[in-house]
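*Asks:*
Chains as they are written, first to last, in the UniProt record's numbering: chain A, 1 to 314; chain B, 1 to 314.
#1: Any beta carbon of chain A sitting closer than 7 Å to that of residue 210 (chain B)?
#2: At a CB distance below 9 Å, what residues from the region 257-275 of chain A approach chain B? Give them in sequence order.
#3: Does the contact criterion of 3 or more C-beta pairs under 8 Å hold for the region 252-268 of chain B versus the region 104-120 of chain B?
#4: At the level of alpha carbons, what is the spacing between residue 315 (chain A) and residue 85 (chain A)?
#5: Return the bridge partner residues of residue 250 (chain A) from the DSSP annotation.
#6: Please list the segments of the beta strand (DSSP E) lying wholly inside the region 119-179 of chain B, counting only runs of 3 or more residues, in order along the chain.
#7: Could you confirm whether any beta carbon from chain B is found closer than 7 Å to the beta carbon of residue 252 (chain A)?
#8: Would residue 218 (chain B) pass as an interface residue toward chain A - the criterion being a Cβ-Cβ separation below 7 Å?
#9: Residues of the region 119-137 of chain A with a CB closer than 8 Å to any CB of chain B: list them in chain order, please.
#10: Kindly list the residues whose CB is nearer than 7 Å to the CB of residue 208 (chain B), restricted to its own chain and excluding five residues on each side of it in sequence; keep chain order.
#11: How long is the line joining the alpha carbons of residue 248 (chain B) and residue 20 (chain A), rounded to whole angstroms?
#12: Along chain B, which residues have their Cβ under 8 Å away from the Cβ of residue 226 (chain A)?
#13: Determine, for residue 249 (chain B), whether the minimum Cβ-Cβ distance to residues of chain A falls below 7 Å.
#14: I need the straight-line Cα distance from residue 241 (chain B) to residue 131 (chain A), nearest angstrom please.
#15: Which residues mark the beginning and the end of the alpha helix (DSSP H) in which residue 116 (chain B) is found?
#16: For residue 346 (chain A), which residues of its own chain have a beta-carbon under 8 Å away from its beta-carbon, when the five flanking residues on both sides are left out?
#17: Should residue 116 (chain A) be flagged as near chain B, meaning a C-beta pair shorter than 7 Å?
#18: Hey, residue 16 (chain A) and residue 26 (chain A) are a contact pair by Cβ (cut 8 Å); roughly how many whole angstroms apart?
#19: Is the beta carbon of residue 212 (chain B) closer than 7 Å to that of residue 184 (chain B)?
#20: Whose Cβ in chain A lies nearer than 8 Å to the Cβ of residue 238 (chain B)?
#21: Would you verify that the beta carbon of residue 243 (chain B) is, or is not, closer than 7 Å to some beta carbon of chain A?
#22: Beta carbons nearer than 7 Å to chain B: which residues of the region 31-48 of chain A have them?
#23: Closer than 8 Å by beta-carbon distance: list the chain B residues that pair up with residue 203 (chain A), in chain order.
#24: If you measure from the beta carbon of residue 88 (chain A) to each beta carbon in chain B, is any gap under 7 Å?
#25: Counting only runs of 3+ residues fully inside the region 64-104 of chain B, write out the beta strand (DSSP E) ranges in chain order.
#26: Could you tell me whether the Cβ of residue 222 (chain A) comes closer than 7 Å to any Cβ of chain B?
#27: Which runs of the beta strand (DSSP E) fall wholly inside the region 235-300 of chain B and span at least 3 residues, in chain order?
#28: Run through DSSP, which three-state label would residue 189 (chain B) get?
#29: Would you kindly work out how many angstroms separate the C-alpha atoms of residue 318 (chain A) and residue 286 (chain A), rounded to a whole number?
#30: Give the straight-line distance between the Cα atoms of residue 322 (chain A) and residue 202 (chain B), rounded to the nearest whole angstrom.
#31: Rounded to the nearest angstrom, what separates residue 219 (chain A) and residue 245 (chain B) at their Cα positions?
#32: Nearest to residue 299 (chain A) by alpha carbon, out of A:63, A:226 and A:133?
#33: Which first and last residues belong to the alpha helix (DSSP H) in which residue 208 (chain B) is found?
#34: Going by C-alpha to C-alpha distance, which of B:292, B:59, B:142 and B:88 sits closest to residue 39 (chain B)?
#35: Check whether the region 303-310 of chain B and the region 134-143 of chain B are in contact - that is, three or more C-beta pairs closer than 8 Å.
#36: Across the region 87-105 of chain B and the region 61-70 of chain B, are there enough close Cβ pairs to call them in contact, namely three or more that are closer than 8 Å?
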């Protein structure tokens, strides 16, 4: 008989319209067997250490064994039965903080890498603008851009984040978009010669202002539009004619299409971390119970750096 | 002494805000010498036969000689002195209607060719939507798409144009957008399996509806946004988040970047015209004086097919 344990889980109470509130999300407890089902042959039973990072307790998949660490699609719960391992990766290098696999070495890291290098096709000397620049993805895009020899400016939503961008991540400049009344004028000030590359994380008014300031043959990687996600009616973007006059390429992407680059990514990024050429800031929330508030905080920009949620300390 | 002639010219009276009116445009007459200036070494003096097509009367450029036919950047006047021949091409093949070099074999043709093949990267069996589909560019995009083995639907602004699309240009289907109250539902009806490629000529509400109906990894070539050109405040496009979820590439372009492909284009298109595999419909206005009304007609979609303006019949 497999051991049975109580399993705290975070679930949505119902479909959320508009901005999610903490009351939309509830904590429930169920009973979970610490063993993959006997008839499974591609399943893994894990203990979650962070949201999206776990330790394997049992496995019927030949590539995963008890004790392995994995990152990827897990669950918002203490223990998860992962029925398809398509969305999870085994962690091989553990001489970095383990939580890095929820961020710089996980999905956000790969997102920054694929979006910047594969879509933006940066060249030395180009100008790069990153919105939501202190977030899990943005902070890396800026550092990749600096390593490439670009001029990089980031936007964020408060002074601490702006300081972080300039002092910790080495952005050439940064501004608090909440203090700017005319984003078009702001961007003209920071980019008197225009923007070659925009790494888009926010959408809406910022995108409209960026379009007016893009250079000929500019590239926009559309990674996210967090300002728009919970609006029942998204803001309208008016300056798309700039796509024609400036011959801009604007491309949306999801990281899953680029996971084949993960080995190459690790080969690039691990040494940069070890040599201190890239840094990463995390905002750590303790306990599964802090998950809902951490999620909601993302939409108001409460987190500083990658939002990490610890589920269990080993 | 070079011969001097009177030269009718069409000029803008003043800067136009909003939709141009015929009264914004005036006809004036000046005196022009039928000779390039003595100190020029890259100039051509032409007699305009159509708007954008001319006969060389005198030249100081080694590649152009008296009697040559050219197409490209000329002027809205009877005689033009072209000081830089960068934007003009010598016509070599005259076994097609000469006016074709204002359309199918000129800038609109190259626009359709570059936008469709270079930006949309079409594959056999894909679904293609073309807006303003009976226009100078759209009618060709649809025919290229059919030759490629795609399923093609076009939109236009009246019944005659819709008939033309279906009966003359071989579109699989077509609709009058002015008769549709819910473009999203319309597109769902014509593309139950979604749109792989959108050749964008109009912008605004149509683009918003298309975004909702695009398939994963869809491509949008942004050639024009004629519905937006003369609005003082462009319409807002709200569904850009689809770029992310569907991983869409949307790219604006100007044909000038692709003129190096012109020889390859001619090699492809001339035989198709000669074999009757591609057809082209022109809407011919007689006389330079008809230019202003022809221009204004473009914005209301009065023309059926490529709007050609005859300046002089030889």
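We put the CB at the ideal spot given by N, CA and C, even for glycine.
*Replies:* Working from what's here:
#1: So, not an interface residue.
#2: If the cut-off is 9 Å between Cβ atoms, the region 257-275 of chain A has 257 near chain B.
#3: Yes, the region 252-268 of chain B touches the region 104-120 of chain B.
#4: Missing from the structure shown is residue 315 (chain A); chain A here goes from 1 to 314 and no further.
#5: Paired residues: A:220 and B:250.
#6: Counting whole runs of 3 or more residues, the region 119-179 of chain B contains the beta strand (DSSP E) stretches 127-130, 151-156 and 173-176.
#7: Closer than 7 Å to some Cβ of chain B, the Cβ of residue 252 (chain A) qualifies, so yes.
#8: No, its Cβ sits nowhere closer than 7 Å to a Cβ of chain A.
#9: Here the close residues number zero.
#10: Within the same chain, 237, 238 and 239 come within 7 Å of residue 208 (chain B) by CB-CB distance, once the 5 residues on both sides are set aside.
#11: Each residue's CA atom was taken as its position, placing residue 248 (chain B) and residue 20 (chain A) some 27 Å apart.
#12: Listed by position along chain B, the residues whose Cβ is nearer than 8 Å to that of residue 226 (chain A) form an empty set, because the closest Cβ is around 10 Å away.
#13: Yes, residue 249 (chain B) counts as interfacial toward chain A.
#14: Whole-angstrom Cα-Cα distance: 16 Å.
#15: No alpha helix (DSSP H) holds residue 116 (chain B); DSSP gives it neither H nor E.
#16: Nothing can be reported for residue 346 (chain A): it is not among the residues displayed for chain A, which extend from 1 to 314.
#17: Not a single CB atom of chain B sits nearer than 7 Å to the CB of residue 116 (chain A).
#18: That belief does not hold up - the Cβ atoms of residue 16 (chain A) and residue 26 (chain A) are roughly 12 Å apart, past 8 Å.
#19: The answer is yes: Cβ separation under 7 Å.
#20: Chain A residues near residue 238 (chain B): 233, 234, 235, 236 and 237.
#21: Interface residue, yes.
#22: Hits within the stretch: zero.
#23: Within 8 Å Cβ-Cβ: 240 and 241.
#24: When Cβ-Cβ separations below 7 Å define contact, residue 88 (chain A) makes no contact with chain B.
#25: Entirely contained in the region 64-104 of chain B, the beta strand (DSSP E) runs reaching 3 residues are, in chain order, 69-72, 79-82 and 88-90.
#26: Yes, its Cβ sits closer than 7 Å to a Cβ of chain B.
#27: Within the region 235-300 of chain B, the complete beta strand (DSSP E) runs of at least 3 residues fall at 249-252 and 282-286.
#28: Three-state DSSP puts residue 189 (chain B) in a helix.
#29: It is not possible to answer for residue 318 (chain A), since the shown part of chain A is limited to 1 through 314.
#30: Beyond the ends of chain A as shown, which are 1 and 314, falls residue 322 (chain A); an answer cannot be given.
#31: Each residue's Cα considered, the two are about 18 Å apart.
#32: If we check each option's Cα against that of residue 299 (chain A), A:226 comes out closest.
#33: Per DSSP, residue 208 (chain B) belongs to the alpha helix (DSSP H) from 205-213.
#34: Comparing Cα-Cα distances from residue 39 (chain B) to each of B:292, B:59, B:142 and B:88, the minimum goes to B:59.
#35: Judged by Cβ distances under 8 Å, the region 303-310 of chain B makes contact with the region 134-143 of chain B, as three or more pairs qualify.
#36: Cβ pair count under 8 Å is three or more, so yes.
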